[in-house]
Amino acid sequence: MISLITGLIMIKILMSFPLVIKMLLFMEMLSIMGILMVFNNYMSTSLSIIFLLFILIMMIIEATMSLTMLINLSKSSTFFMVSSSFL
75 MISLITGLIM IKILMSFPLV IKMLLFMEML SIMGILMVFN NYMSTSLSII FLLFILIMMI
135 IEATMSLTML INLSKSSTFF MVSSSFL
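At position 82 of the sequence shown (counting the first as 1) the number is 156 in the working numbering, and the numbers step up by one without a gap.
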């Protein structure tokens, strides 16, 4: 029940961000949910191993996406616009 409420709050916060950041945060949310599911033993061991591998791949994709986004943003002037919108 608590996870449902926090999930709804996170989705509410997500909607205020730009698309690329939405995608990154969604991936992060999925990976956190996956880790919680594995630790709560909702699945069998083989399924949890597959799920952990999936989470790892998602985190690697997310890291590369955020790095390329930061590099692209730092090259252009939109970086200052994006950073000022967070303040």
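We put the beta carbon where it would ideally sit given N, CA and C, even for glycine.
Source: prediction; values computed, not measured.
Residues in its own chain within less than 6 Å of residue i by CB, not counting five upstream and five downstream?
| i | result |
| --- | --- |
| Thr-138 | none |
| Leu-161 | Its pLDDT being 48, under 50, Leu-161 is placed unreliably in this model, and the value from its coordinates should be taken loosely. Contacts found: none. |
| Met-133 | Ser-105 |
Kindly list the residues whose CB is nearer than 8 Å to the CB of residue i, restricted to its own chain and excluding five residues on each side of it in sequence; keep chain order.
| i | result |
| --- | --- |
| Ile-135 | Met-101 |
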